């Protein structure tokens, strides 16, 4: 029933269009309310897998006006737009009049009677959405593999069209399709298979040609996938910039949209148009490159880990109970694996686990609680250890990004989003990331030189991100704070120039002459999916668990801290207590415990003592390090 009804929402209750015309205004009534209720009822969790996704199905495989979904980040929010909610057409041959609904579509039928009294003007909001930045390949493959939607090339393909053609503008991504068809690893990632070549003859495309005249505004360089104009009809105040959503809606890819834009350029005097040419291009890109999605239902995503339930953990009792019973054992396996990755350093491996499960769980005024930025110093530079470490983390977390802190990158990259008032859009930056993205800063790439104005601004932005979990977007005449929740790991030789919540110096248990050979042996094995999946589930669940401290344990912690201050008044500060509490919290969660126990508190004190002792020892040997 869902598949047939999803072909075109305008066929759900066509007899009730007159109800809208009669009401003239107000909330969704009549057929609209029935249609929305129908789709919301149909889109249960077990049915959602049957809806094709823009994330993994090439656009030319999807039928116009069909029901699709899109996993995305709200990159920009445009001004509201007006449209004809109800309009009337006149048949020139018979003079017969007919009412039409303009909702969930971009182009009206021919023969609109603009003098009709039955026209109802309505308002909708438009969001510019992009795929979740930095979403790792294993996540995309897992979502695509779980999809039950079977798509064939759209029969709407027409070899010749007026104005700009669908085929000339389309920027389809055939890579996910190749992955779903199970191509061998030996095949070149950029070389299409014979099947894909045949598909390209059906709908030829040129990514270089299309991207040259339109910036898709992806936050991260090299990102692929569709961007989309998402049109929201109700409750749009509930959405915020940088929200991650899964949107279900009606796909609109009418080639007429491109033709209308071209005609507008030819017919409208620029001096009489309120929009600049740049703004028109941003608001009305070719639909074959930036499709429109008219929202029926949208849900915020608390995570994009396809191995976890999309609903709250508490609502999935069997899954949660089974996972918690295995967390201690999985933690031991992960600790052993990370110890190997950290060149035999078990303490560094312990802190790496704590870092990867950390998240901002609350804010007290300007202070974000729960963040745990880790500075791992002592990283070897001759072999590319930092890059190898990132590749391993990339296989375990849903979203991540590697940023080499070379002088060139710092002076040239745009990290902070900036408002472009000419095009009236928010130009994205590298730090416009979704929540719980792992940002890996490779400080081992630092070299001698001087930061220019852009470099200083970028380093300041990263410092603010680490300290306050916020990014100050540049609106030219002022800055606007946007809170974020990004896990930052800084790999460095000496102590990082950037702030951190925890600093640990790597102590390799491998002789320096064998480090390069050892690092080469630290391979990433994506094929061992069962082991990796256990780690992925473990890290995701530990981050989502609730946590509390009982009154008895709180009193015990206070007494312990007083004793620590007596023993070392100068060496123990309130900042140390805060870090201890964060470490104790993360230790508890890493074991699957949702409350702090006395054992976890003592364990936290123990590893913190070891960490501080190691740093002091390293300072005494290397007096030049701050």
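In the numbering used here, the protein residues as written are 1 to 626.
Even for Gly, the Cβ is constructed at its ideal location relative to N, Cα and C.
Quick caveat: nothing in here was measured; it's all calculated off a predicted structure.
- Residue 327: member of the alpha helix (DSSP H) spanning 317-341, first to last residue.
- Beta-bridge partners of residue 73 (DSSP): 130 and 244.
- Within the model, the alpha-carbon separation for residue 446 versus residue 458 is close to 14 Å.
- Beta-carbon to beta-carbon, residue 587 and residue 603 are separated by about 6 Å, close enough to satisfy the 8 Å threshold.
- Non-local beta-carbon contacts of residue 371 in its own chain, meaning distances under 7 Å to residues more than five positions away in sequence, involve 358, 360, 469 and 501 in chain order.
- Between the alpha carbons of residue 292 and residue 547 lies a distance of about 41 Å.
- Per DSSP, reduced to three states, the secondary structure at residue 275 is coil, with no helix or strand assignment.
- The residue among 108, 294 and 405 with its C-alpha nearest the C-alpha of residue 36 is 294.
- In the structure shown, residue 612 adopts helical secondary structure according to DSSP, grouped into three states.
- Sorting 101, 126 and 61 by C-alpha distance to the C-alpha of residue 81 places 126 at the top.
- The region 379-465 contains, as complete beta strand (DSSP E) runs of 3+ residues, the segments 400-404, 418-420, 425-427 and 438-442 (chain order).
- For residue 85, the uninterrupted beta strand (DSSP E) run begins and ends at 81-90, by DSSP.
- In the DSSP assignment, residue 364 falls outside any alpha helix (DSSP H) and lies within the beta strand (DSSP E) extending over 362-364.
- According to DSSP, residue pairing for residue 292 in a beta bridge involves 229 and 252.
- Between residue 62 and residue 327, the CB-CB gap reaches or exceeds 9 Å.
- Counting along the chain, the unbroken alpha helix (DSSP H) around residue 531 starts and ends at 529-544.
- Looking at the DSSP output, residue 482 bridges to 471.
- In this structure, 491 is the residue among 466, 418 and 491 with its C-alpha nearest to the C-alpha of residue 378.
- In its chain, beyond the 5 residues on either side, 519 and 522 have a beta carbon closer than 7 Å to the beta carbon of residue 388.
- When the Cα atoms are used, residue 474 and residue 450 turn out to be separated by approximately 23 Å.
- Sixteen is the threshold: when 16 or more other Cβ atoms of the shown chains lie within 10 Å of the Cβ of residue 103, as they do, the residue is buried.
- Bounds of the alpha helix (DSSP H) holding residue 562 are 551-567.
- Non-local beta-carbon contacts of residue 92 in its own chain, meaning distances under 8 Å to residues more than five positions away in sequence, involve 111 in chain order.
- Counting along the chain, residue 488 sits inside the beta strand (DSSP E) bounded by residues 487-491.
- Residue 76 counts as buried, since no fewer than 16 other beta carbons sit within 10 angstroms of its beta carbon.
- In summary, residue 425 is buried, with 16 or more beta-carbon neighbours lying within 10 Å of its beta-carbon over all protein chains present.
- A check of alpha carbon separations from residue 148 across 97, 129 and 69 identifies 69 as the nearest.
- When only Cα atoms are considered, residue 57 and residue 225 end up about 10 Å apart.
- Under the three-state reduction of DSSP output, residue 43 falls in the coil class, being neither helix nor strand.
- Within the DSSP secondary-structure output, residue 101 pairs in a beta bridge with 86.
- Pairing residue 345 with residue 220 gives a Cβ-Cβ distance that is not under 9 Å.
- Within the same chain, and ignoring the five residues on either side of residue 399 in sequence, the residues whose Cβ sits closer than 8 Å to its Cβ are 132, 133, 134, 135, 136, 139, 304, 433, 434, 436, 437 and 438.
- In the three-state reduction of the DSSP assignment, residue 36 falls in the helix class.
- Note on residue 599: under 16 other CB atoms within 10 angstroms of its CB, so exposed under the neighbour-count rule.
- The Cβ-Cβ distance between residue 120 and residue 98 does not fall below 9 Å.
- With contacts defined by Cβ atoms closer than 9 Å, residue 334 and residue 353 form a contacting pair.
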